[in-house]
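>
Here it is as structure tokens:
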């Protein structure tokens, strides 16, 4: 719970490349932003980047609802659980899984937007020569 909470990003930034993620204590995101920095002239810098998932965190959040669905349905079939319990639990798993996948998508977009805003990055289409 301690650390540098005032900094938005955490990672390594060199003169030629960078690898950063969002600085978060309670709700980390499973993405890393990796890129290259290339100076074109005194006033223009070209930045190319890609957002990649952190393998375990990304796959855990994305696929755990499917694993839970299969595991608990197997238990419900073996134990011959009532239909109401079966339906309620499956509905709950579908809602939680959908919410988790939507949240990952939203956090990735928000992370990229914050990166572009903080470092004042313009898209190639919007640069006027």
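Residue numbers (the working numbering): 76 to 204. Where a beta carbon is used, it is the ideal one built from N, C-alpha and C, also for glycine.
When we look at the beta-carbon of residue 200 and count the other beta-carbons within 10 Å, is it buried (16 or more) or exposed?
Reading the chain shown from its first residue, position 125 is the one you call residue 200. Here residue 200 scores only 43 on pLDDT, less than 50, and its place in the model should not be relied on; the value that follows carries that caveat. Residue 200 should be labelled exposed.
> Pull the bridge partners of residue 120 from the DSSP assignment, please.
Counted from its first residue, the chain shown places residue 120 at position 45. According to DSSP, which records beta bridges pairwise, residue 120 is partnered with 114.
> Using the Cα positions of residue 192 and residue 142, report the straight-line distance between them to the nearest angstrom.
Counted from its first residue, the chain shown places residue 192 at position 117. Counted from its first residue, the chain shown places residue 142 at position 67. So the alpha carbons of these two residues sit roughly 37 Å apart.
> Rounded to the nearest angstrom, how far is the Cβ of residue 108 from that of residue 96, given a contact under 8 Å?
Here residue 108 refers to the residue found at position 33 when the chain shown is read from its first residue. Here residue 96 refers to the residue found at position 21 when the chain shown is read from its first residue. Indeed, because the Cβ distance is near 7 Å, the residues count as touching under 8 Å.
> Suppose contacts are defined by Cβ-Cβ distances below 8 Å. Is residue 179 in contact with residue 136 by that definition?
Locating residue 179 in the chain shown gives position 104, where the first residue counts as 1. Locating residue 136 in the chain shown gives position 61, where the first residue counts as 1. For residue 179 and residue 136, yes; Cβs fall inside 8 Å.
> Excluding the five sequence neighbours on either side, which residues of its own chain have a C-beta within less than 8 Å of the C-beta of residue 103, listed in chain order?
Taking the first residue of the chain shown as 1, we reach residue 103 at position 28. Result list for residue 103: 96, 97, 132, in chain order.
> Could you compute how far the alpha carbon of residue 170 sits from the alpha carbon of residue 186?
Numbered from 1 along the chain shown, position 95 holds the residue referred to as residue 170. Numbered from 1 along the chain shown, position 111 holds the residue referred to as residue 186. Cα to Cα, residue 170 sits roughly 24 Å from residue 186.
> Compute the distance between the beta-carbons of residue 105 and residue 126, then report whether it is under 8 Å.
Position 30 of the chain shown, counting from 1, holds the residue named residue 105. Position 51 of the chain shown, counting from 1, holds the residue named residue 126. No.
> What is the residue span of the beta strand (DSSP E) that residue 84 lies within?
To locate residue 84, count along the chain shown from 1; it is residue 9. 84-88 is the span of the beta strand (DSSP E), which, as asked, contains residue 84.
> Between the beta-carbon of residue 165 and the beta-carbon of residue 139, is there less than 8 Å?
Walking along the chain shown from the start, residue 165 turns up at place 90. Walking along the chain shown from the start, residue 139 turns up at place 64. No. Outside cutoff.
> Check each candidate in 150, 172, 99, 88 and name the one with the smallest Cα separation from residue 113.
Your numbering for residue 113 matches position 38 in the chain shown. Of 150, 172, 99, 88, the residue nearest in Cα terms is 88.
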